[in-house]
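Asks: The structure follows.
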Ligand code: DC
């Protein structure tokens, strides 16, 4: 069983995907990690994330082990890490280099400790359209940019990071624009995706709806 969950930043994909993975005992693949890893790798080497050739090289050398190592760096999940990931993800050669590693996971999904799983939940931007177009169930999770910025602002405040709300909102709008307008695999729902707008739904409501859809399936 392969389930994909796509949508813009801070729409609630990660929470939904990891909770569903626990409920249905499926492996979880946060595909944003591959782009965050390439972005951070370049930044740590002092290289320009806008340089497609250097970014492609870093993407070709990415392994799961390297991604796990890079994910321990606090910069990996920072706002700057998200911007760098979004910039490298717009390079068609980077997307091509990272496609196989994402697709291979669906053929042999494994839990974090390496044990095999009966299926996987993917979370990303193009997992239902490009990475796993044959997925059994596809979700597209969205919410207004203001609601997503509020969530992100709260998250940053809880981490003690003092970024003004206006900057968080501007970053979300800029990231949406970059993710939706790139030439390769732009952010958009698959034709057969269930669309859930989480603007006025609680996490529990979204989870309930997703579980109903999965169980009816
Ligand atoms: O989900 P995230 O914030 O960790 O993703 C970081 C960036 O990676 C996002 O702005 C766009 C890119 N991305 C992508 O292009 N395709 C995916 N399947 C996942 C993420």
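In this note's numbering, the protein residues as written are 37 to 253.
Backbone N, C-alpha and C define an ideal beta-carbon position, used for all residues, glycine too.
Computed from a prediction, not measured in an experiment: that's the story for all the values here.
1. Closest to residue 185 by C-alpha separation, out of 147, 53, 64, 235, would be which residue?
2. Taking only the alpha-carbon atoms, compute the straight-line gap between residue 219 and residue 175 and give it to the nearest angstrom.
3. So is residue 150 buried or exposed if we call it buried at 16+ other beta carbons inside 10 Å?
4. For residue 192, which option in 183, 95, 204, 182 has the closest C-alpha, if you only look at C-alpha atoms?
5. Counting C-beta neighbours from all protein chains within 10 Å, is the total for residue 122 16 or more, i.e. buried, or is it exposed?
6. State yes or no: is the C-beta of residue 72 nearer than 7 Å to some heavy atom of the ligand DC?
7. Could you tell me whether the Cβ atoms of residue 130 and residue 91 are closer together than 8 Å?
8. Considering residue 232, what are the terminal residues of the beta strand (DSSP E) in which it resides?
9. Name the two residues that bound the continuous alpha helix (DSSP H) containing residue 57.
10. Per the DSSP calculation, residue 250 is bridged to which residue(s)?
11. Only counting runs of 4 or more residues, tell me where the alpha helix (DSSP H) segments fall wholly within the region 105-141, in order along the chain.
12. Which residues bound the alpha helix (DSSP H) around residue 156?
Replies: Reading it off the structure:
1. Working through the chain shown from its first residue, we reach residue 185 at position 149. Across the set 147, 53, 64, 235, the C-alpha of 235 shows the shortest separation from the C-alpha of residue 185.
2. By one-based count along the chain shown, residue 219 stands at place 183. By one-based count along the chain shown, residue 175 stands at place 139. Residue 219 and residue 175: Cα-Cα distance of roughly 22 Å.
3. Against the chain shown, residue 150 aligns to sequence position 114. Around the beta carbon of residue 150, fewer than 16 other beta carbons lie within 10 angstroms, which makes this residue exposed.
4. Residue mapping note: residue 192 aligns to position 156 of the chain shown, counting from 1. Considering only alpha carbons, the answer is 204.
5. Residue numbering aside, residue 122 sits at position 86 when the chain shown is read from its first letter. Buried: at least 16 other Cβ atoms inside 10 Å.
6. Taking the chain shown and counting its residues from 1, the one referred to as residue 72 is at position 36. Yes.
7. One-based indexing of the chain shown puts residue 130 at position 94. One-based indexing of the chain shown puts residue 91 at position 55. Between residue 130 and residue 91, the gap from beta carbon to beta carbon is short of 8 Å.
8. Here the question's residue 232 lines up with position 196 in the chain shown. Note, residue 232: beta strand (DSSP E), 230-233.
9. If you number the chain shown from 1, residue 57 lands on position 21. First-last of the alpha helix (DSSP H) with residue 57: 49-60.
10. The residue given as residue 250 occupies position 214 in the chain shown. Looking at the DSSP output, residue 250 sits in no beta bridge, so it has no partner there.
11. As far as the region 105-141 is concerned, its whole alpha helix (DSSP H) runs of at least 4 residues are 115-125.
12. To locate residue 156, count along the chain shown from 1; it is residue 120. Per DSSP, residue 156 is not a residue of any alpha helix (DSSP H); the beta strand (DSSP E) it occupies stretches across 156-160.
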